[in-house]
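To keep things clear, I will list the structure first and then write my remarks on it.
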Amino acid sequence: MDCRPVASDEALLSKIAKHDQTALSELYNRYAKIIYSVAFNGLKSVEESEEVVLDVFSQVWRIAERYDATKGRVDTWLFMLVRSRILDKLRKQVRIQLSSPAVTKLSEIQTSSISIDPTDDVIINERRARVLAALQLLPPEQRQVIELAYYHGLSHSQISVQTSISLGTVKTRIRLGLNKLKSALE
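With this note's numbering applied, the sequence shown covers 33 to 218.
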């Protein structure tokens, strides 16, 4: 049993402002589950909720010195950051739905027919159908970035600019989506 005194949230933030990773870890352990729950309640997406948790603690790491105890408690400040992230993600989802001509309909993607052997054409078409079916299983936000990367040839940075999503989030969505595609295609 650990007999060390429990540090207050304010003390942890003070240490985080001095780049104490142990303090960040302790604050994360204290609040990550509840932040995830709040995010999931608003977003209804496991991936988006996980991103919110990571984004919030990344922001805490960057701006901990700005916390002012006279303006409110640490948990209130954290939940304000969470709320802001959730609203940002909901706004982006609306923008993506309203402006999705950048994403080609998967059914419109055709393979080139350079093959001489009809057997090769059949194999390619079967693989294409499996990949398209697996893509449909992905959450829309992951499918979008994968389509932009692989069907439109955009770099991660270009996708970030075009979709107004942070570069880290683009990379995370592509990684998560590719892992799900791999599992679905095995």
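Heads up, the beta-carbon is just placed ideally off N, CA and C, and yes, glycines get one too.
Collapsing the DSSP output to three states places L208 in a helix.
At the C-beta level, E42 and V85 stay beyond 8 Å of one another. Counted as a single uninterrupted DSSP element, the alpha helix (DSSP H) harbouring Y68 occupies residues Q53 to L75. Secondary structure at E173: helix, using DSSP grouped into helix, strand and coil. A straight-line Cα-Cα distance of about 24 Å links L45 and G200. At the C-beta level, K121 and S196 stay beyond 8 Å of one another.
Distance between I178 and A161, taken at the CA atoms: about 16 Å. Rounded to whole angstroms, the gap between the alpha carbons of R127 and H51 is 36 Å. Three or more beta-carbon pairs separated by less than 8 Å are not found between the region 88-100 and the region 185-194, which leaves the two stretches without contact.
L167 carries a helical assignment under DSSP once its states are collapsed to helix, strand and coil.
Taking a C-beta distance under 8 Å as the contact criterion, Y68 and S57 do not qualify as a contact pair.
Assignment of G104 by DSSP, reduced to helix, strand and coil, places it in the coil class.
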